[in-house]
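All remarks here apply to the structure that follows.
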């Protein structure tokens, strides 16, 4: 599970190395689970 304000490593070809999770759209939960769309910076 991923929480807001946590950092994650990127596993795609976008060029980003690390991202910070800033939001979970359409979900009032505190944690994101597998398959959830998250907003990152």
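Residue numbers (my numbering): 235 to 275.
The beta-carbon is built from N, C-alpha and C at its ideal position, and this holds for glycine as well.
The model shown is predicted, which means the values in this text are computed figures rather than measured ones.
Residue i beta carbon near the ligand COA (any heavy atom closer than 6 Å)
i	result
residue 262	Absent from the structure shown: the ligand COA. Ligands present: none.
Cβ-based burial, residue i [other Cβ within 10 Å; buried from 16]
i	result
residue 256	exposed
residue 261	exposed
Nonlocal neighbours in the same chain, by C-beta distance under 6 Å from residue i, ignoring five residues either side
i	result
residue 275	254, 256
residue 266	236, 258, 272
residue 250	244
Own chain, CB closer than 8 Å to residue i, minus 5 neighbours either side, in chain order
i	result
residue 252	241, 242, 243, 244
Opposing strand residues paired with residue i [DSSP bridges]
i	result
residue 243	252
7 Å Cβ shell around residue i - same chain, five flanking residues per side excluded
i	result
residue 270	258, 261
residue 202	With the chain covering 235 to 275 only, the question about residue 202 has no answer from this structure.
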